[in-house]
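Here the sequence shown is numbered in the working numbering, starting from -18 and rising by one per residue. Every residue gets a Cβ at the ideal spot worked out from N, C-alpha and C, and that includes glycine. These numbers come from a predicted model, not from an experiment.
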Amino acid sequence: MKKIILSSLVALFLLTGCESNLLGTKDESSKYSVYEYHYYDEDFEHTEDFIVKYDKDGNLKEFQMIYLYDKRTDSKYCPENAFSIEKYVDLTYPGVTATCTVDENGQKLVYTMTDESVKSGYLKDDKDYSLALKYMYEEIDTEEKAKEYFDKALKDFKENNVKEDNRNYLIIKGVKTSW
-18 MKKIILSSLV
-8 ALFLLTGCES
2 NLLGTKDESS
12 KYSVYEYHYY
22 DEDFEHTEDF
32 IVKYDKDGNL
42 KEFQMIYLYD
52 KRTDSKYCPE
62 NAFSIEKYVD
72 LTYPGVTATC
82 TVDENGQKLV
92 YTMTDESVKS
102 GYLKDDKDYS
112 LALKYMYEEI
122 DTEEKAKEYF
132 DKALKDFKEN
142 NVKEDNRNYL
152 IIKGVKTSW
């Protein structure tokens, strides 16, 4: 019973915490098209999430990746200064952030970038980027590409019989989908 309650609280936190951090106020959220990808990988016991928002012209405004590793509950997984400018060239760009926290729910890594990051040259030079943002950016840099990516993800979830629950779901243009 405790596990069910704890799982429900974690899901509620992820759903409300991630969305409200990314979207800001209700007025602000109505200005953007929002896409969310949430997938629990049982093999690696972690949730992979990413949330992207676009302006009315389909231009990327903010991109956030979130990883929650269930079994990593020891503080050693988030050492002090886990993300320093000396170790991560990514963090030298405006709008790029990285955080690491650990609690009884596991290790949570959050990486964020904005349109200002891209305008400042983020991901466009030959530097060695370390954050996971680089690997998804080309797939979702415009809303048109995101729509294609999410339609394919929805098809893949259906074909692979991914269990639809509080850790496995997609939101396309602000609407939660079903498969």
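- Exclusion of the five residues before and after tyrosine 58 leaves Val83 and Gln88 as the residues of its chain whose Cβ lies within less than 7 Å of its Cβ.
- About 6 Å separates the CB atoms of isoleucine 121 and tyrosine 130; that is less than 8 Å, so the two are in contact.
- Taking 8 Å as the upper bound for CB-CB distance, aspartate 96 and leucine 41 are in contact here, some 6 Å apart.
- Where leucine 112 is concerned, there is no enclosing alpha helix (DSSP H), because DSSP gives it neither an H nor an E.
- Rounded to whole angstroms, the separation of the alpha carbons of serine 14 and threonine 123 is 11 Å.
- In the three-state reduction of the DSSP assignment, valine 83 falls in the strand class, which pools E and B.
- Residues of the same chain with a CB within less than 8 Å of the CB of serine 65, apart from the 5 flanking positions on each side, are Leu72 in chain order.
- When Cβ pairs closer than 8 Å are counted between the two stretches, the region 135 to 151 is seen not to touch the region 97 to 106, the count staying below three.
- In the DSSP assignment, tyrosine 130 falls within the unbroken alpha helix (DSSP H) covering 124 to 140.
- Per the coordinates, the alpha-carbon of asparagine 149 lies some 21 Å from the alpha-carbon of tyrosine 118.
- The beta carbon of glycine 155 is closer than 6 Å to those of Val15 in its chain, skipping five residues each way along the sequence.
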